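Residues 11 to 201 in the numbering used here are what the sequence shown lists, from first letter to last.
Glycine residues also receive a C-beta, built at the ideal position from the N, C-alpha and C atoms.
Nothing here was measured: the structure is a model prediction, and the numbers come from that model.
Please read the structure below before turning to the comments.
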Amino acid sequence: MQYTAVNIRAYMSEDKATYIGEQKLNEWLLSFSCPVNHDVEHFLQCNAVEFTKKNQSVTYLVLRNDNAGLAGYFSLALKPVSIRAEHLSKSAAKKLSRVSVLNEENNTYTASAYLIAQLGKNFALPEDMRINGTELLETAIDIVRRGKYFFGGVIAFLECENVDALMNFYTRNGFKYFNSRITSGAEPPHA
11 MQYTAVNIRA
21 YMSEDKATYI
31 GEQKLNEWLL
41 SFSCPVNHDV
51 EHFLQCNAVE
61 FTKKNQSVTY
71 LVLRNDNAGL
81 AGYFSLALKP
91 VSIRAEHLSK
101 SAAKKLSRVS
111 VLNEENNTYT
121 ASAYLIAQLG
131 KNFALPEDMR
141 INGTELLETA
151 IDIVRRGKYF
161 FGGVIAFLEC
171 ENVDALMNFY
181 TRNGFKYFNS
191 RITSGAEPPH
201 A
């Protein structure tokens, strides 16, 4: 792999050799640009450090191994997820029942899950140096797999806008649509 994911805590912990301090980290994050999704850019530059400090999520910077340039980032969190039983095969329901609670009233399973909360590539890099979406997602999934190894769990999910290109991208990369929910605002996100 030509990329390395680094937990931003490595830059904020004085006892780490990679320590640069919060101010320099925030300055570095300003070099990230994502004109196709300003929310992704805003999260990294304005929320990632605070969310990590509060343990709401943890952001990983994805660095190019050749020059340590910031190729992209992703944020992970633990979050309960509810899945309607009618969307599951019998084998999936059996597997899920081991790590979740079935609410018989509304026929949903609720479980703790790994949420890929943010995912974005850095468009400030020249096009030939940018990470592609699949490589970025695979890097995030690798960290989730490590979490599963150490802590267990079976579910990893994400939420995205109901846009065909995004839905197709995540489906091609092994995710399955399982639910939607209405949020305040525009389109409902999908997992």
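Would you kindly check if the distance between the Cβ of I93 and the Cβ of F161 is under 7 Å?
Counting from one through the sequence shown, the residue named residue 161 turns up at place 151. Counting from one through the sequence shown, the residue named residue 93 turns up at place 83. No, the Cβ-Cβ distance between F161 and I93 is not below 7 Å.
Output needed for T14: all residues of its chain with C-beta closer than 8 Å, excluding positions within five of it in sequence on either side, in chain order.
Numbered from its first residue, the sequence shown carries residue 14 at position 4. Correct list, in chain order: V72, L73, N75.
Is E37 near C44, with beta carbons less than 7 Å apart?
Residue 37 sits at position 27 when you count from the first residue of the sequence shown. Residue 44 sits at position 34 when you count from the first residue of the sequence shown. Going by C-beta atoms, E37 is not nearer than 7 Å to C44.
Cβ-based burial, Y70 [other Cβ within 10 Å; buried from 16]:
The residue labelled residue 70 in the question sits at position 60 within the sequence shown. Buried: at least 16 other Cβ atoms inside 10 Å.
Any idea which residues DSSP pairs G130 with across the strands?
The residue given as residue 130 occupies position 120 in the sequence shown. Beta-bridge pairing links G130 to Y83.
H200 versus D174: straight-line alpha-carbon distance, rounded
To locate residue 200, count along the sequence shown from 1; it is residue 190. To locate residue 174, count along the sequence shown from 1; it is residue 164. For H200, the predicted structure reports a pLDDT of 43, less than 50, and the residue's modelled location is therefore unreliable. The matter cannot be settled from this model.
Inspect the beta-carbon positions of L86 and V68 and report whether they are closer than 7 Å.
Sequence index remark: in the sequence shown, residue 86 carries index 76 (1-based). Sequence index remark: in the sequence shown, residue 68 carries index 58 (1-based). In this structure, V68 lies closer than 7 Å to L86 by Cβ.
Tell me where the alpha helix (DSSP H) around N36 begins and ends.
Taking the sequence shown and counting its residues from 1, the one referred to as residue 36 is at position 26. From DSSP, the alpha helix (DSSP H) with N36 extends over 32 to 39.
Separation of R182 from P136, as counted between CA atoms:
Counting from one through the sequence shown, the residue named residue 136 turns up at place 126. Counting from one through the sequence shown, the residue named residue 182 turns up at place 172. Distance between the alpha carbons of P136 and R182: 26 Å.
For N178, report the span of its beta strand (DSSP E) as first-last.
On the sequence shown, residue 178 is found 168 positions in, with the first residue counted as 1. That residue, N178, is in no beta strand (DSSP E); its alpha helix (DSSP H) goes 174 to 182.
Can you tell me which of the three DSSP states A196 falls into?
If you number the sequence shown from 1, residue 196 lands on position 186. Model confidence at A196 stands at a pLDDT of 40, short of 50, so the residue's coordinates are unreliable; what they give is reported in the following sentence. In this structure, A196 counts as coil in the three-state DSSP scheme.
Just how far apart, CA to CA, sit V109 and K89?
In the sequence shown, residue 109 corresponds to position 99, counting from 1. In the sequence shown, residue 89 corresponds to position 79, counting from 1. For V109 and K89, the distance between alpha carbons rounds to 14 Å.
Going by other Cβ atoms of all chains shown within 10 Å of its Cβ, with 16 needed for buried, is Y119 buried or exposed?
Locating residue 119 in the sequence shown gives position 109, counting from the first residue. By the neighbour-count rule (16 or more Cβ atoms within 10 Å), Y119 is buried.
Determine the DSSP secondary structure at A78, reduced to helix, strand or coil.
Here residue 78 is taken as the residue at index 68 of the sequence shown, counted from 1. Looking at A78 - three-state DSSP - the assignment turns out to be coil, as it is neither helix nor strand.
Candidates K105, A58, A166: which alpha carbon is nearest D152's?
Locating residue 152 in the sequence shown gives position 142, where the first residue counts as 1. Nearest C-alpha to D152: A166.
Quick one: complete alpha helix (DSSP H) runs, 4+ long, within the stretch 90 to 143?
100 to 107
Neighbourhood of H97 by C-beta, 6 Å cutoff - its chain only, sequence neighbours within 5 removed
As a position in the sequence shown, residue 97 is number 87, starting the count at 1. Excluding positions up to five away in sequence, the list reads F188.
Judging by CA-CA distance, which residue of Y159, L168, M139, V154 is the nearest neighbour of A127?
Here residue 127 refers to the residue found at position 117 when the sequence shown is read from its first residue. Minimum Cα distance to A127 is reached at L168.
How big is the Cα-Cα spacing for A196 and S23?
On the sequence shown, residue 196 is found 186 positions in, with the first residue counted as 1. On the sequence shown, residue 23 is found 13 positions in, with the first residue counted as 1. With a pLDDT of 40 at A196, under the threshold of 50, the predicted position of this residue should be treated as unreliable, though the coordinate-derived value follows. When rounded, the distance between both Cα atoms is 38 Å.
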